[in-house]
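Residue numbers (the working numbering), protein chains in the order written: chain A, 16 to 133; chain B, 2 to 114.
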């Protein structure tokens with residue numbers, strides 16, 4: 016079974032600085048999807064960024080980028096120019112490709128609570 | 002706004018009771034997922050429906066059941082509630098069963114007292 020591990024329960028960053036959140040996963044599949052979700056105090060789960068395992072290029076969405084290391088099974092999230100609104104829980108998630116009857120649900124890590132200091 | 006609507010937002014009930022949580026997926030989405038978020042277990046997948054049929058099951062207790070109706074809304078039924086069932090219950094939807102992206106509702110906060 017696939018597992019997702021986030022080893023940093025809490026992180027802190029100064030406003031305008033850069034922070035990197037770590038995520039590792041374990042799978043025997045060669046094709047899959049990885050996601051970072053943000054959960055602010057409003058508790059809404061917001062998709063931040065996604066990465067297809069077959070793509071070598073790291074995904075980027077504005078100030079958010081990932082460092083996807085397939086061989087190392089590592090998927091870290093970098094937040095540049097941190098803003099107060101970035102303060103939230105961040106969850107790393109894995110999804111199987113969902114063909115041939117396999118489940119397409121998300122498998123989440125335990126989350127990293129990010130604080131942003133003004 | 003993700004377009005996924007969950008009701009109610011908050012629910013307080015006593016042990017042993019039964020409750021129903023409702024989810025309206027985004028317009029046109031056929032697939033609905035239910036997740037439970039608790040402090041000790043984190044975010045866990047419960048069950049998935051696609052176009053009215055159960056597609057996948059996760060860590061869903063026998064006391065819990067779900068269904069998806071012809072209009073595609075879904076309900077999660079929780080019975081014989083225990084204190085440990087207190088959690089945030091999310092519904093997510095996607096256009097197809099194999100779609101990579103799912104959109105989450107705001108969740109229902111269930112408190113069992």
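Don't be surprised by glycine CBs; every beta carbon is placed ideally from N, CA and C.
Closer than 7 angstroms: is that where the CB of residue i sits relative to any heavy atom of the ligand FAD?
{"i": "residue 21 of chain B", "result": "In terms of ligand content, the structure shown is empty, and the ligand FAD therefore cannot be addressed."}
Is the separation between the beta-carbon of residue i and that of residue j shorter than 8 angstroms?
{"i": "residue 17 of chain A", "j": "residue 124 of chain A", "result": "no"}
{"i": "residue 62 of chain A", "j": "residue 69 of chain A", "result": "no"}
{"i": "residue 81 of chain B", "j": "residue 64 of chain B", "result": "yes"}
{"i": "residue 106 of chain B", "j": "residue 6 of chain B", "result": "yes"}
{"i": "residue 47 of chain A", "j": "residue 65 of chain A", "result": "no"}
{"i": "residue 25 of chain B", "j": "residue 74 of chain B", "result": "yes"}
{"i": "residue 106 of chain A", "j": "residue 89 of chain B", "result": "no"}
Taking residue i as the query, report the chain B residues whose CB atoms sit under 7 angstroms from its CB, ordered along the chain.
{"i": "residue 123 of chain A", "result": "43 and 44"}
{"i": "residue 120 of chain A", "result": "34, 46, 49, 57 and 59"}
{"i": "residue 90 of chain A", "result": "The contacting residues do not exist; residue 90 of chain A stays about 15 angstroms from chain B at best."}
Could you tell me whether any Cβ in chain A is nearer than 8 angstroms to the Cβ of residue i?
{"i": "residue 105 of chain B", "result": "yes"}
{"i": "residue 57 of chain B", "result": "yes"}
{"i": "residue 84 of chain B", "result": "no"}
{"i": "residue 31 of chain B", "result": "no"}
{"i": "residue 89 of chain B", "result": "yes"}
{"i": "residue 76 of chain B", "result": "no"}
Along chain A, in chain order, which residues have C-beta atoms closer than 9 angstroms to that of residue i?
{"i": "residue 108 of chain B", "result": "58, 59 and 60"}
Please report whether the beta-carbon of residue i lies at a distance below 8 angstroms from any beta-carbon of chain B.
{"i": "residue 100 of chain A", "result": "no"}
{"i": "residue 79 of chain A", "result": "no"}
{"i": "residue 17 of chain A", "result": "no"}
For residue i, go through chain A and note every residue whose CB falls closer than 8 angstroms to its CB, in chain order.
{"i": "residue 50 of chain B", "result": "Simply none; closest approach about 11 angstroms."}
{"i": "residue 65 of chain B", "result": "Ordered by position in chain A, no residue passes the 8 angstroms Cβ test against residue 65 of chain B, which lies about 15 angstroms from the chain."}
To the nearest angstrom, report how far apart residue i and residue j are at their CA atoms.
{"i": "residue 94 of chain B", "j": "residue 32 of chain A", "result": "35 angstroms"}
{"i": "residue 30 of chain A", "j": "residue 111 of chain A", "result": "35 angstroms"}
{"i": "residue 72 of chain B", "j": "residue 52 of chain B", "result": "9 angstroms"}
{"i": "residue 57 of chain B", "j": "residue 133 of chain A", "result": "44 angstroms"}
{"i": "residue 4 of chain B", "j": "residue 103 of chain B", "result": "11 angstroms"}
{"i": "residue 172 of chain B", "j": "residue 94 of chain A", "result": "There is simply no residue 172 of chain B to check, as chain B begins at 2 and stops at 114 in what is shown."}
{"i": "residue 41 of chain A", "j": "residue 89 of chain A", "result": "9 angstroms"}
{"i": "residue 111 of chain B", "j": "residue 46 of chain B", "result": "16 angstroms"}
{"i": "residue 120 of chain A", "j": "residue 109 of chain A", "result": "8 angstroms"}
{"i": "residue 80 of chain A", "j": "residue 98 of chain A", "result": "15 angstroms"}
Could you list which residues in chain B have their beta carbon closer than 8 angstroms to that of residue i, in chain order?
{"i": "residue 73 of chain A", "result": "Residues of chain B passing the Cβ test: none, with the nearest at roughly 17 angstroms."}
{"i": "residue 106 of chain A", "result": "44"}
Which bits of chain A does residue i rub up against, with CB to CB less than 7 angstroms?
{"i": "residue 54 of chain B", "result": "Within chain A, no residue comes near residue 54 of chain B; the closest Cβ sits about 13 angstroms away, beyond 7 angstroms."}
Suppose only complete runs of 3+ residues qualify. What are the beta strand (DSSP E) ranges in the segment 15–62 of chain B, listed by chain order? 20–25, 32–39, 43–51 and 54–58
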